[in-house]
Each structure stands twice: as C-alpha cells, then as structure tokens.
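Participant: Quick note, the sequences are listed as chains A and B, same order. Its first residue numbered 90, the first sequence is counted upward by one per residue in the numbering used here. Its first residue numbered 142, the second sequence is counted upward by one per residue in the numbering used here.
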Amino acid sequence: MINLFRYTLFRAIRNMKGNLFPNLTAIGIIGISLLLVSIFSLIALNFSYFLKRWEEKIGLIAYLKRETPVNEVEAILNRIRELPGVESVKYMSPFDAMAFLEDRLGEQRSVLDGIQPKVLPPSVEIDLKRDYRTSPQMKELISKIKKIPQIEEVQYGQEWVETFSGLNHFMHLTQWIFGGLLFAAMIFIISNTLQLAISSRKEEIEVMKMMGASPAFIRIPFYIEGLIQGLLGAGVAVLLLYLLYEILLRRLTPLLKGWMSDVPILFFSGETIVTILAGGMVLGLFGSFIASIRFLR
Amino acid sequence: MIQMFHVSKTYPNKITALTDINLEIPSGDFVFLSGPSGSGKSTLLKILFGLEKPTSGEVIIHGIRITHPRFKKIYQLRRRIGFISQDFRLLRDRTVWENVALALEVVGCPPQEIKKKVGEILSRVGLQERGRDPILSLSAGEQQRVIIARALVNQPLLILADEPTGVLDTRMKEEVMDLLLDFHQNGTTILLATQDRDLIQKFPYQVIPLQEGRRMDEKIEEGVKEEG
Chain A
90 MINLFRYTLF RAIRNMKGNL FPNLTAIGII GISLLLVSIF SLIALNFSYF
140 LKRWEEKIGL IAYLKRETPV NEVEAILNRI RELPGVESVK YMSPFDAMAF
190 LEDRLGEQRS VLDGIQPKVL PPSVEIDLKR DYRTSPQMKE LISKIKKIPQ
240 IEEVQYGQEW VETFSGLNHF MHLTQWIFGG LLFAAMIFII SNTLQLAISS
290 RKEEIEVMKM MGASPAFIRI PFYIEGLIQG LLGAGVAVLL LYLLYEILLR
340 RLTPLLKGWM SDVPILFFSG ETIVTILAGG MVLGLFGSFI ASIRFLR
Chain B
142 MIQMFHVSKT YPNKITALTD INLEIPSGDF VFLSGPSGSG KSTLLKILFG
192 LEKPTSGEVI IHGIRITHPR FKKIYQLRRR IGFISQDFRL LRDRTVWENV
242 ALALEVVGCP PQEIKKKVGE ILSRVGLQER GRDPILSLSA GEQQRVIIAR
292 ALVNQPLLIL ADEPTGVLDT RMKEEVMDLL LDFHQNGTTI LLATQDRDLI
342 QKFPYQVIPL QEGRRMDEKI EEGVKEEG
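Set out below in structure tokens:
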C-alpha cells in the first residue's frame, strides 16, 4: 500500500515535471483566483474589525447651553446617568475641550492661537452599554436626553453608523457572491488546464490501459496532481497577499496616523491560512476530478 | 480456453473484417492465424484483447464472457494477456527499460521484482545493453523486440501476437520464436497471426487460415462433409 502510494506520488510528480507548462499555468490560475478572493476577504475582515472597534467607541455627546451654571452640571450628569443604556458620563468643560483639541492637533495647535475656550460649548460625553449601540435605541435615548432643559444639542454619528453597517453587510454579501463566481470559474479553468495535461499524455494513458492498468491507477496520479497544483496555487496566493499586505501596511500606516492609529490592519490568522491552502487543494482536486470524468472514461 | 461463437465485425465505414467466426483454442495450445493482409487476422486478435467489439457473436476467454454488455473489467483480463502488435505503440519519450517496466508497474509489482524481471526479459530479447537508451534511438527490429519484451515480461497466460517477426532478421526471428516456444512449453496459450508461410511450415501447430474475414478451413470441412 505504501509502495503504491509512493509510486503514485512519484508518477504524479514525474507527470508534472514532464508537463511543466500546463501545470504552471494551472498553479498560476489557482494562485491569481485565490489571491483575488483573499484580497477581498482580507478587506472585509479588516472592515469588520474596524467597525467592531468603532462601535465600541460609539457614544453620544450632549452639548449644554452656554449659559448653564456650573453648579447645575452635577444634577444634569446624574439625570443622564440614570437613563437606561447609559454606561458612564463625563463632563467636558470648555477648557477641557480646548485641551483635547490642542492635544489632537499636536504640532499644528498654533491654529488655535487667539481662540478663547469660552467659544467652545460645555458638553457631556456619554458612553453607552453594548446593547444600546444600535440606531433605534440610540434615537430613543437621545429623545430622552433632549428633554433635559439645559441640553442644547445631542450629536452622534448616526449616518456613519448606518452607512458602515450597510457597507459591512454589502461587503459580506459581495464576498460570498464574488467568491462563488470565482470558485466556479476556477473549477472550469482548472479542469480545462488539467484536460490539456491529460490529453498531452493520451498516448501513455492508452498504453497503460492496454497493459491492464485499472481506472484508479490511471486516475489517482491526476487527482494528486490536482491536489499539488491547488496547494502550490494557494501557497502562491498567500505569499503574494502577504507581500501586498506588507507593502500596503508601510504605505497606509503613516496616512492613517491619528485617525485610526489604534486600529491595527490585520492579516489572516494561521487557521485562515490553513483553510486557504486546504481550499486550494479542494479546488485542484475537484478540477482534476471533473477533467478525469470527461477525459478518462 | 479461447472461444468465439459466430463472431462478425463490420467497421463504421461498412468494411466487414470478420464474418461468422467460430473457434475454440484449448489452454496451452499454439495456433497460427494465417492469411493475406486484410484477411481479418489483426481484427480477430484485437477483439480477443478487447480493443474492438464484435458487431455480433460471443467471445469467451478463460471462462469470462468479454462480450457481455456488463463486462467492465477488461483491464483485469489484459493483465493476463501479452499483446504483441505494431498498433500497441511504445512510449517514445521513455527508455527501453521504462517501456518494459511500465507493464509491471501498472499491475503493482514491487520495484525489486520489476528490476529482476525487466533485466531477465531484456536479456532474452538481446537488449540487455540497451536498457537506458531512448526508444527513438532503436531500429525498427529493436523496437519490435522491446514490444515483445513488454508483452512477455508479465508472464502472461495468453499471448496474442500480430506479425511478431515481421520486421526482424532471420536470426532474431528464430530467437523470438524460441522465446515464444519457451513460454508455450511452460503452458502459455499462443495465438500468432502471420503471413509468413515458411515460418508456419517450420512448426507442427494448428493453423487457422483466414481470407476476407472468413475461416477457410471451416469451408473446406463443410465442403468435405457435403461431398461425403
């Protein structure tokens, strides 16, 4: 059994060496196709992660009327704190707001020269409980906050939340549709490429049949070829993706500095990479299976 | 035992190669199939090897009805048949050794046994020094000897030989016949198709004459019966 396996593997490798061009073509096609799917999946992964991190930070800012006396602030905070869905509240005086702005502007803080903190309204930063970060519940909470007489305005990134959620949903949907279409295209291309490899060895296959080779003996090396092609193709895809990731990471990191510097750009986990490699093997195997059904009857 | 009952073969181009052939060859016999080109010798051998299907009739080899519609394991039968034919080509991109060894590889023979058997058979066909040579560097006669070696290396129970000595010189012809006789002595059934009358006359074996796809000896027997 071990001898048969070794012999079959040896034949598969010898066949691949003997038909280098069709095999390299198949590996290249699998690699490019999987690379496209992987790029899309990686973008979706990072987008989801970014959204998750962003959601964690979603809060409300309630701006107080400028004339609100400081001695009323504690009462306002307590009132907000008691509303359902509120995790914590933090008062931000005009001076705190100015300090925050200066900190964010860093070296460009000079643009604030001559501006008095008094022009900035006092505000209350409201952190929400996890279950209250959805749009309808936030709207309900806002309406309750607005009923407090000293509140001028309540802000939250409503449009952003809705747009990001919609985009995230769209990306996941597109990922599946795109992946499915590419999968079908890959099967078609791989099986055709393997058919080329099979037809280039038609004579050998005929001779083997005449010598009494069983159908399994003839087919198994082609399946192994498919598996190897799939594995190598997927390996190429992962390697190229990692190179692209590294290049983009270096280019993007300075651009994103200050905006989402605390959200790392992720790469696939070890498990996902193994899944991609296994996926490549399944693709190769499936492609060779279809090719063998059509050509090795 | 090889049995054919009322076997006829007409190709899609309407050419009839065999008409109502009946034969019975007991195991271990050596039989010549004689007749000019186009008499149906090659078609008959191809039918026995499962390369062609008869248009009608039954073929039974060693008790297996190969013409049965549900018979799918022709490959198992072929492992026991040595087929020598110009139609059964050698692989041009392989060496002599690789071509002969392939016959053993496909039946799952262990590497050590392959090495031993291929070495032995190449010696017997006089090609022991040419094992590593590519097929294309061999003459037509040498290539024929490789075909013979490939057919015999697996110790077949039945040898179907289509003009096995056709392109060989006299000395090699004798050596190949000696080799086939050797197998015959060891109990292998041999069916040898040839136009070479001199070759047939040298051996005291049964001859089945064919002409235009028909058995000529049956006609004579039937004629004798009718006269009697």
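All residues carry an ideal CB built from backbone N, CA and C; glycine is no exception.
(1) Please classify B:His209: does DSSP put it in a helix, a strand, or coil?
(2) Assuming A:Arg168 contacts A:Ile231 under a Cβ cut-off of 8 Å, what Cβ separation, rounded to an integer in Å, is found between them?
(3) If you reduce the DSSP assignment to three classes, tell me which class B:Lys182 lands in.
(4) Measure the CB-CB distance between B:Lys182 and B:Leu174 and report whether it falls below 9 Å.
(5) If you draw a straight line from the alpha carbon of A:Ala273 to that of A:Thr364, how long is it in whole angstroms?
(6) Assign A:Pro353 to one of three DSSP states: helix, strand, or coil.
(7) Shortest alpha-carbon distance to B:Pro350 belongs to which of B:Gly223, B:Arg338 and B:Phe324?
(8) Does B:Glu246 get closer than 9 Å to chain A when you measure Cβ to Cβ?
(9) Does the Cβ-Cβ distance between B:Pro195 and B:Lys155 come in under 9 Å?
(10) Around the Cβ of B:Glu270, are there at least 16 other Cβ atoms within 10 angstroms (buried) or fewer (exposed)?
(11) Should A:Pro353 go down as buried or exposed, given a rule of 16 or more other Cβ atoms within 10 Å for buried?
(12) List the residues that DSSP assigns as beta-bridge partners of A:Lys179.
(13) Measuring CA to CA, which of B:Met142, B:Thr184 and B:Gly198 is closest to B:Asn163?
(14) Tell me whether B:Phe280 sits in a helix, a strand or coil according to DSSP, three-state version.
(15) State the CB to CB distance for the pair B:Val317 and B:Ile300, rounded to an integer number of angstroms; the pair is presumed to be in contact (CB under 8 Å).
(16) With respect to the beta strand (DSSP E) encompassing B:Ala261, which residues constitute its N-terminal and C-terminal limits?
(17) Which of helix, strand or coil does DSSP assign to B:Met145?
(18) Below 9 Å between beta carbons is the criterion; list the residues of the region 283-296 of chain A that meet it against any residue of chain B, in chain order.
(19) Span of the alpha helix (DSSP H) holding A:Asn167?
(20) Would you identify the three-state DSSP class for B:Leu164, choosing helix, strand or coil?
(21) Enumerate, from N- to C-terminal direction, the unbroken alpha helix (DSSP H) stretches of 4 or more residues contained entirely within the region 186-244 of chain A.
(22) Quick one: residues in its chain with C-beta nearer than 6 Å to the C-beta of B:Ala244, no 5 flanking neighbours on either side, listed in chain order?
(23) Count the CB pairs spanning the region 152-168 of chain A and the region 199-216 of chain A that are closer than 8 Å, and state whether there are at least three.
(24) Here's the rule: buried if 16 or more other CB atoms are within 10 angstroms of the residue's CB, otherwise exposed. What is B:Glu362?
(25) Would you verify that the beta carbon of A:Pro304 is, or is not, closer than 9 Å to some beta carbon of chain B?
(26) Spell out the partners DSSP gives B:Ser197 in its beta bridges.
(27) Looking only at its chain, what residues have a beta carbon closer than 8 Å to the beta carbon of B:Val287, apart from the 5 residues adjacent to it on each side?
(28) Would a check of beta-carbon distances place B:Arg355 closer than 9 Å to chain A?
(29) I'd like to check one pair, A:Ile116 with A:Val325: are the Cβ atoms closer than 9 Å?
(30) Around the Cβ of B:Tyr152, are there at least 16 other Cβ atoms within 10 angstroms (buried) or fewer (exposed)?
(31) What number of angstroms, rounded off, separates the C-alpha of A:Ala323 from the C-alpha of A:Phe99?
(32) Is there contact between the region 332-341 of chain A and the region 295-304 of chain A, where contact requires at least three CB pairs shorter than 8 Å?
(33) For the beta strand (DSSP E) that A:Tyr152 lies in, which residues bound it at each end?
(34) Whole angstroms are fine: how far does the CA of B:Pro252 sit from the CA of A:Leu355?
(35) In whole angstroms, what is the alpha-carbon distance linking A:Asn281 and A:Pro225?
(36) So, does the CB of A:Lys298 fall closer than 9 Å to a CB anywhere in chain B?
Facilitator: Judging by the given coordinates:
(1) Mapped onto the second sequence, residue 209 of chain B falls at position 68. Coil.
(2) As a first step, residue 168 of chain A is located in the first sequence; it is residue number 79 there, counting from the start. As a first step, residue 231 of chain A is located in the first sequence; it is residue number 142 there, counting from the start. Not confirmed; about 14 Å, so no contact.
(3) Residue mapping note: residue 182 of chain B aligns to position 41 of the second sequence, counting from 1. Three-state result, B:Lys182: helix.
(4) Walking along the second sequence from the start, residue 182 of chain B turns up at place 41. Walking along the second sequence from the start, residue 174 of chain B turns up at place 33. Their beta carbons are under 9 Å apart, which means B:Lys182 touches B:Leu174 by this criterion.
(5) Here residue 273 of chain A refers to the residue found at position 184 of the first sequence. Here residue 364 of chain A refers to the residue found at position 275 of the first sequence. Here the C-alpha atom of A:Ala273 lies approximately 18 Å from the C-alpha atom of A:Thr364.
(6) On the first sequence, residue 353 of chain A is found 264 positions in, with the first residue counted as 1. Looking at A:Pro353 - three-state DSSP - the assignment turns out to be coil, as it is neither helix nor strand.
(7) Translated into the one-based positions of the second sequence, residue 350 of chain B becomes position 209. Among B:Gly223, B:Arg338 and B:Phe324, the Cα nearest to that of B:Pro350 belongs to B:Arg338.
(8) Walking along the second sequence from the start, residue 246 of chain B turns up at place 105. It does: the Cβ of B:Glu246 has a partner Cβ on chain A nearer than 9 Å.
(9) Indexing the second sequence from 1 puts residue 195 of chain B at position 54. Indexing the second sequence from 1 puts residue 155 of chain B at position 14. In this structure, B:Lys155 does not lie closer than 9 Å to B:Pro195 by Cβ.
(10) As a working note, residue 270 of chain B is residue 129 in the second sequence. That one is exposed.
(11) For the purposes of this step, residue 353 of chain A is taken as the residue at position 264 of the first sequence. Classification for A:Pro353: exposed.
(12) As a working mapping, residue 179 of chain A is identified with position 90 in the first sequence. A:Lys179 pairs with A:Glu214.
(13) In the second sequence, counting from the first residue as 1, residue 163 of chain B sits at position 22. Closest in alpha carbon position to B:Asn163, among B:Met142, B:Thr184 and B:Gly198, is B:Gly198.
(14) Here residue 280 of chain B refers to the residue found at position 139 when the second sequence is read from its first residue. This sequence places Ser at residue 280 of chain B; Phe is not what is there. In the structure shown, B:Ser280 sits in coil (DSSP, three-state: anything other than H, G, I, E or B).
(15) Within the second sequence, residue 317 of chain B is the residue found at index 176, counting from 1. Within the second sequence, residue 300 of chain B is the residue found at index 159, counting from 1. Not confirmed; about 11 Å, so no contact.
(16) As a first step, residue 261 of chain B is located in the second sequence; it is residue number 120 there, counting from the start. It should be pointed out that residue 261 of chain B corresponds to Glu in this sequence rather than to Ala. Under the DSSP assignment, B:Glu261 falls outside any beta strand (DSSP E), being part of the alpha helix (DSSP H) whose first and last residues are Pro252 to Arg265.
(17) Position 4 of the second sequence holds residue 145 of chain B. The answer is strand: DSSP assigns B:Met145 an E or B state.
(18) Glu292, Glu293, Glu295 and Val296
(19) In the first sequence, counting from the first residue as 1, residue 167 of chain A sits at position 78. Val162 to Arg170 is the span of the alpha helix (DSSP H), which, as asked, contains A:Asn167.
(20) Translated into positions along the second sequence, residue 164 of chain B becomes position 23. Reduced to three states, the DSSP call for B:Leu164 is strand.
(21) 224-235
(22) The residue labelled residue 244 of chain B in the question sits at position 103 within the second sequence. For B:Ala244, where only same-chain residues beyond five positions count, the Cβ hits under 6 Å are Arg291, Val294 and Asn295.
(23) yes
(24) Position 221 of the second sequence, counting from 1, holds the residue named residue 362 of chain B. Its pLDDT being 49, under 50, B:Glu362 is placed unreliably by the model, and nothing is read from it.
(25) Stepping through the first sequence from its first residue, residue 304 of chain A is reached at position 215. When Cβ-Cβ separations below 9 Å define contact, A:Pro304 makes contact with chain B.
(26) By 1-based counting over the second sequence, the position of residue 197 of chain B is 56. DSSP lists B:Ser149 as partners of B:Ser197.
(27) The residue you call residue 287 of chain B lines up with position 146 of the second sequence. For B:Val287, where only same-chain residues beyond five positions count, the Cβ hits under 8 Å are Leu231, Val237, Asn240, Val241, Val266, Leu268, Ile276 and Leu279.
(28) Along the second sequence, one-based indexing puts residue 355 of chain B at 214. So, not an interface residue.
(29) The count along the first sequence starts at 1 and reaches residue 325 of chain A at position 236. The count along the first sequence starts at 1 and reaches residue 116 of chain A at position 27. Cβ distance < 9 Å, so A:Val325 and A:Ile116 count as in contact.
(30) Position 11 of the second sequence, counted from the first residue, corresponds to residue 152 of chain B. Result: exposed.
(31) Taking the first sequence and counting its residues from 1, the one referred to as residue 323 of chain A is at position 234. Taking the first sequence and counting its residues from 1, the one referred to as residue 99 of chain A is at position 10. Approximately 22 Å, taken between the alpha carbons.
(32) no
(33) If you number the first sequence from 1, residue 152 of chain A lands on position 63. Element bounds for A:Tyr152: Gly148 to Leu153.
(34) As a working mapping, residue 355 of chain A is identified with position 266 in the first sequence. As a working mapping, residue 252 of chain B is identified with position 111 in the second sequence. Distance between the alpha carbons of A:Leu355 and B:Pro252 is about 51 Å.
(35) Stepping through the first sequence from its first residue, residue 281 of chain A is reached at position 192. Stepping through the first sequence from its first residue, residue 225 of chain A is reached at position 136. Cα to Cα, the separation comes out at about 52 Å.
(36) Position 209 of the first sequence, counted from the first residue, corresponds to residue 298 of chain A. It does: the Cβ of A:Lys298 has a partner Cβ on chain B nearer than 9 Å.
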